[in-house]
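Undergrad:
Numbering (the working numbering), first residue to last: 710 to 801.
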């Protein structure tokens with residue numbers, strides 16, 4: 710059995726490489742996992758509609774939402790269905 714001596718520089722290089730690998734993996738994971746729910750501002754940008762139009766879609770039940778602490782949240786799946794002309798189901 711041979712013994713290898715690890716220097717401080719070796720340990721620092723390993724540390725840097727480990728951090729780079731973790732950052733790359735986390736970035737890749739975040740890029741692959743889209744958000745499942747969106748806030749009103751994000752939905753308005755996505756649909757290119759005004760706040761009142763988004764409210765109308767919500768009130769009419771065309772685009773259901775859930776209100777948590779004064780903020781409306783919309784499912785990405787529902788927005789995709791709306792854009793594709795498919796029926797959108799309620800959250801309830």
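A virtual CB, placed ideally from N, CA and C, is assigned to each residue, including glycine.
What are the complete alpha helix (DSSP H) segments, minimum 4 residues, inside the segment 726-757?
TA: Here the runs fully enclosed are 749-756.
Undergrad: Go ahead and label residue 734 buried or exposed: buried means 16 or more other beta carbons lie within 10 angstroms of its beta carbon, across all protein chains shown.
TA: When all chains shown are included, residue 734 counts as exposed.
Undergrad: Are there 16 or more other CB atoms within 10 angstroms of the CB of residue 774, so buried, or fewer, so exposed?
TA: Buried, by the Cβ-count rule.
Undergrad: Between 711, 772, 712, which has its C-alpha nearest residue 747's C-alpha?
TA: Of the listed residues, the one whose Cα sits closest to residue 747 is 772.
Undergrad: For residue 775, name the three-state secondary structure that DSSP assigns.
TA: Strand, per DSSP.
Undergrad: Please list, in chain order, all residues of the same chain as residue 782 whose beta carbon is under 8 Å from its beta carbon, the five residues on each side excluded.
TA: Excluding positions up to five away in sequence, the list reads 746, 747, 748, 774, 775, 776.
Undergrad: Hey, how far is the Cα of residue 728 from the Cα of residue 744?
TA: So the alpha carbons of these two residues sit roughly 25 Å apart.
Undergrad: Tell me whether residue 762 sits in a helix, a strand or coil according to DSSP, three-state version.
TA: Note: residue 762 maps to helix in three-state DSSP.
Undergrad: Among 766, 721, 713, which one has its Cα closest to the Cα of residue 788?
TA: It is 766.
Undergrad: In the DSSP assignment, find the alpha helix (DSSP H) that holds residue 788 and state where it starts and stops.
TA: Note, residue 788: alpha helix (DSSP H), 785-792.
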